[in-house]
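Engineer: Just so we're aligned, residue 226 is where the sequence shown starts under the working numbering, counting upward by one.
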Amino acid sequence: MTLSRRRTLQLGLGAVAAAGCSGIERQPVRASDNPKQTFSMTGEMQLKQRAAAKGLIYGSAASYSSLKQDPQFAKLFAETCGILVPENELKWGALRPASDRYDFTQADWMADYAQQNNILFRGHNLAWKHFNPDWLEGVTSRNAEQVLTRHITTVMKRYAGRMHSWDVVNEAIAGIPSWRSDGLQTSPWLTMLDKDYIDIAFRAAAAADPKAMLVYNDTALEYEKPEDERTRSAVLALLRDLKSRKIPVHALGIQAHLDAAETRFNANKLRRFLSDVASLGLKILITEMDVKDQNLPPDRELRDRSVARTYEEYLSVVLDEPAVVAVMTWGLSDRYTWLTETNPRKDGLAIRPLPYDENLGRKPAWNAIARAFDAAPKRS
Ligand code: G3I
226 MTLSRRRTLQ LGLGAVAAAG CSGIERQPVR ASDNPKQTFS MTGEMQLKQR AAAKGLIYGS
286 AASYSSLKQD PQFAKLFAET CGILVPENEL KWGALRPASD RYDFTQADWM ADYAQQNNIL
346 FRGHNLAWKH FNPDWLEGVT SRNAEQVLTR HITTVMKRYA GRMHSWDVVN EAIAGIPSWR
406 SDGLQTSPWL TMLDKDYIDI AFRAAAAADP KAMLVYNDTA LEYEKPEDER TRSAVLALLR
466 DLKSRKIPVH ALGIQAHLDA AETRFNANKL RRFLSDVASL GLKILITEMD VKDQNLPPDR
526 ELRDRSVART YEEYLSVVLD EPAVVAVMTW GLSDRYTWLT ETNPRKDGLA IRPLPYDENL
586 GRKPAWNAIA RAFDAAPKRS
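(1) For Trp353, verify whether its CB is less than 8 Å away from any heavy atom of the ligand G3I.
(2) Under 9 Å, do Pro523 and Ser558 count as touching if we go by C-beta distance?
(3) Among Asp421, Pro435, Val372 and Leu483, which one has its Cα closest to the Cα of Lys450?
(4) Could you tell me if the beta carbon of Gly280 falls within a distance shorter than 8 Å of some heavy atom in the ligand G3I?
(5) According to the neighbour-count rule (16 or more other Cβ atoms, all chains shown, within 10 Å of its Cβ), is Asn350 buried or exposed?
(6) Are there 16 or more other CB atoms within 10 angstroms of the CB of Thr267, so buried, or fewer, so exposed?
(7) Report whether the distance from the Cβ of Lys382 to the nearest heavy atom of the ligand G3I is below 8 Å.
(8) Would you kindly work out how many angstroms separate the C-alpha atoms of Glu370 and His376, rounded to a whole number?
(9) Name, in chain order, the residues that DSSP records as bridge partners for Met514.
(10) Considering Arg347, what are the terminal residues of the alpha helix (DSSP H) in which it resides?
(11) Here's a check: name, in chain order, each residue in its chain whose Cβ is nearer than 6 Å to the Cβ of Met514, leaving out the five neighbours to either side.
(12) With distance defined between alpha-carbon atoms, name the residue in Lys273, Leu564, Ile576 and Val460 nearest to Asn342.
(13) To the nearest angstrom, report how far apart Gln252 and Trp334 are at their CA atoms.
(14) Leaving out the 5 sequence neighbours to the left and right, which residues in its chain are closer than 7 Å to Arg403 when beta-carbon positions are compared?
(15) Quick check on the burial criterion: 16 or more other C-beta atoms within 10 angstroms. Buried or exposed for Lys300?
(16) Could you tell me the boundaries of the beta strand (DSSP E) in which Trp563 lies?
(17) Taking 8 Å as the cut-off, is the beta-carbon of Lys571 closer than that to any non-hydrogen atom of the ligand G3I?
(18) Should Arg596 be labelled buried (16 or more other beta-carbon atoms within 10 Å of its own) or exposed?
(19) Is there contact here, the region 450–467 with the region 524–533, by at least three beta-carbon pairs under 8 Å?
(20) Taking Ile511 as the reference, give the member of Lys517, Leu544 and Gln519 with the closest Cα.
(21) Considering only the alpha carbon of each residue, which of Asp599, Ser605, Pro602 and Trp591 lies closest to Ser285?
(22) Starting from Leu309, trace the beta strand (DSSP E) in both directions and tell me its first and last residue.
(23) Assign Gly348 to buried or exposed, taking buried as 16 or more other Cβ atoms, counted over all protein chains shown, within 10 Å of its Cβ.
(24) For the ligand G3I, I want to know if Thr554 counts as a neighbour, meaning its beta carbon is within less than 8 Å of at least one of the ligand's heavy atoms.
(25) I'd like to know whether the C-beta atoms of Arg525 and Leu574 end up nearer to each other than 9 Å.
(26) Pick from Ala352, Leu361 and Gly363: whose alpha carbon is nearest that of Glu396?
(27) Give every residue of the same chain whose Cβ lies closer than 6 Å to the Cβ of Pro602, excluding the five residues on either side of it in the sequence, and list them in chain order.
(28) Among Thr565, Asp572 and Asp453, which has the Cα closest to the Cα of Pro578?
(29) Which of helix, strand or coil does DSSP assign to Pro602?
(30) With DSSP as the reference, label Thr305 as helix, strand or coil.
(31) Return the chain-ordered list of same chain residues with a C-beta closer than 6 Å to the C-beta of Leu464, the five sequence neighbours on each side being excluded.
Next comes the structure, spelled out in structure tokens:
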């Protein structure tokens with residue numbers, strides 16, 4: 226039986242030992258750069274069309290300002306993406322200027338942009354440790370359940386029926402060392418409600434919009450690093466517990482903030498994790514995929530090839546899991562990426578993490594994502 230192209234790709238990228246010839250799981254060793262690697266692909270279909278041809282959804286996060294103030298980018302977004310997730314505009318810090326006030330201006334505009342361009346819309350997020358308004362510090366364990374429930378109900382009812390999915394709880398674990406055996410990390414909600422905040426959030430969400438897919442979203446799930454191993458097992462235990470108590474969680478969101486210089490990628494371990502999640506009856510969404518290049522050498526073509534290889538290697542594994550139904554990048558173009566602020570290169574060169582460059586031109590990363598969709602098994 227000839228190796229599938231995907232398997233061949235993996236062998237090309239990883240050492241033969243990764244094929245488990247000796248039956249022992251070994252680290253796939255990232256092949257050194259291949260200047261001749263072209264990431265060739267066929268046809269003119271957009272990424273959203275290549276995904277849809279396999280029963281998948283492809284899209285991206287974007288900010289209100291990038292879509293409203295940059296018509297060239299807004300046009301490209303609509304041509305390329307089948308789903309839009311507001312990068313910050315549906316978070317507490319954006320929606321809640323005061324405890325008795327909501328400001329939906331930017332989120333409403335983005336919902337309308339999606340509808341007018343026939344793009345699905347997804348919400349992010351309804352409970353998180355970060356980006357909360359200062360007044361939340363005045364909430365106590367006495368009124369926290371009411372504050373959380375009211376927020377989720379008000380926000381979700383406003384867009385009920387228009388949402389593909391919501392990240393209901395974000396990063397409850399997130400690879401951050403926790404003094405707790407369940408791995409939950411400190412957050413205002415954990416402080417006020419202990420782990421009940423997760424049940425409260427999902428129950429309120431299910432009541433507010435029965436049509437939306439309700440997602441638990443987390444990060445640090447990708448690599449064979451101690452924090453990722455810890456997060457995978459804690460997330461699996463959390464999902465098993467929620468499902469066993471019939472808490473209405475429908476999917477796991479895997480953020481997939483990847484690093485082109487990270488070599489501790491173990492395909493077999495990732496496959497097993499995905500399969501374990503799917504066996505709980507959950508769907509899986511890749512929710513925030515991007516590839517850091519700040520630890521790579523300065524050569525631009527080399528960086529672009531390495532970033533592309535990282536996208537293709539990762540997607541060739543996750544898209545083999547039928548429960549994976551959507552892939553979102555956390556940004557579409559290097560013109561707008563959070564990584565510029567948080568993960569700049571020491572040499573001052575512009576980072577290049579996304580499928581389009583700062584001039585909205587396609588990059589090898591675009592081809593790599595296209596190839597991964599083209600090679601993916603069709604969802605039934
Ligand atoms: O809107 C204010 C603006 O009024 C103010 O002048 C400016 C300077 O302080 O800050 C602006 O808010 C910033 C906001 O992005 C909008 O640009 C916040 O300071 C900044 O912290 C916020 O960063 C976002 C971060 O989440 C925190 O919410 C990033 O753009 C966003 O990409 C990032 O996304 C997260 C996901 O939600 C969860 N997974 C990880 C991912 C990356 O950290």
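Glycine included, each C-beta is placed from N, C-alpha and C at the ideal position.
Structural biologist: A quick look at the data gives this:
(1) Residue 353 sits at position 128 when you count from the first residue of the sequence shown. Checking the Cβ of Trp353 against the ligand G3I gives yes.
(2) Looking up residue 523 in the sequence shown gives position 298. Looking up residue 558 in the sequence shown gives position 333. No.
(3) Working through the sequence shown from its first residue, we reach residue 450 at position 225. Measuring from the Cα of Lys450, the nearest candidate turns out to be Leu483.
(4) Indexing the sequence shown from 1 puts residue 280 at position 55. The answer is no for Gly280.
(5) Locating residue 350 in the sequence shown gives position 125, counting from the first residue. Buried, since its Cβ has 16 or more Cβ neighbours within 10 Å.
(6) What you label residue 267 is simply residue 42 of the sequence shown in a count that begins at 1. By the 10 Å Cβ count, Thr267 comes out exposed.
(7) Position 157 of the sequence shown holds residue 382. No - the ligand G3I has no heavy atom lying nearer than 8 Å to the Cβ of Lys382.
(8) Working through the sequence shown from its first residue, we reach residue 370 at position 145. Working through the sequence shown from its first residue, we reach residue 376 at position 151. Using only the alpha carbons, I get a separation of about 10 Å.
(9) Numbered from 1 along the sequence shown, position 289 holds the residue referred to as residue 514. Looking at the DSSP assignment, Met514 forms a beta bridge with Thr554.
(10) Looking up residue 347 in the sequence shown gives position 122. Per DSSP, Arg347 belongs to no alpha helix (DSSP H); it is in the beta strand (DSSP E), Leu345 to His349.
(11) Residue mapping note: residue 514 aligns to position 289 of the sequence shown, counting from 1. So the qualifying residues of the chain are Ala481 and Thr554.
(12) What you label residue 342 is simply residue 117 of the sequence shown in a count that begins at 1. Minimum Cα distance to Asn342 is reached at Lys273.
(13) Here the question's residue 252 lines up with position 27 in the sequence shown. Here the question's residue 334 lines up with position 109 in the sequence shown. Because Gln252 carries a pLDDT of 42, less than 50, the predicted location of this residue cannot be relied on, and the following value inherits that uncertainty. Going by the C-alpha atoms only, they are around 46 Å apart.
(14) Here residue 403 is taken as the residue at index 178 of the sequence shown, counted from 1. Checking the displayed sequence, the identity of residue 403 turns out to be Ser instead of Arg. Here the set comprises Leu409 and Gln410.
(15) Counted from its first residue, the sequence shown places residue 300 at position 75. It counts as exposed.
(16) The residue you call residue 563 lines up with position 338 of the sequence shown. Trp563 -> no beta strand (DSSP E), and no H or E assigned at all.
(17) Stepping through the sequence shown from its first residue, residue 571 is reached at position 346. Not so, every heavy atom of the ligand G3I lies at least 8 Å from the Cβ.
(18) By 1-based counting over the sequence shown, the position of residue 596 is 371. Arg596 is buried by the Cβ-count criterion.
(19) no
(20) Here residue 511 refers to the residue found at position 286 of the sequence shown. Taking only the C-alpha atoms, the option nearest Ile511 is Leu544.
(21) Indexing the sequence shown from 1 puts residue 285 at position 60. Per the Cα distances, Trp591.
(22) By 1-based counting over the sequence shown, the position of residue 309 is 84. From DSSP, the beta strand (DSSP E) with Leu309 extends over Ile308 to Pro311.
(23) By one-based count along the sequence shown, residue 348 stands at place 123. Buried.
(24) Stepping through the sequence shown from its first residue, residue 554 is reached at position 329. Because no heavy atom of the ligand G3I lies under 8 Å away, the Cβ of Thr554 does not count as near it: no.
(25) In the sequence shown, residue 525 corresponds to position 300, counting from 1. In the sequence shown, residue 574 corresponds to position 349, counting from 1. In this structure, Leu574 lies closer than 9 Å to Arg525 by Cβ.
(26) Here residue 396 refers to the residue found at position 171 when the sequence shown is read from its first residue. Closest by alpha carbon: Ala352.
(27) For this step, residue 602 is matched to residue 377 along the sequence shown. So no residue of the chain qualifies.
(28) Walking along the sequence shown from the start, residue 578 turns up at place 353. Out of Thr565, Asp572 and Asp453, Thr565 has the C-alpha closest to the C-alpha of Pro578.
(29) For the purposes of this step, residue 602 is taken as the residue at position 377 of the sequence shown. Three-state result, Pro602: coil.
(30) On the sequence shown, position 80 is the one that residue 305 refers to. Here Thr305 sits in helix by DSSP.
(31) One-based indexing of the sequence shown puts residue 464 at position 239. Hits under 6 Å: Leu505.
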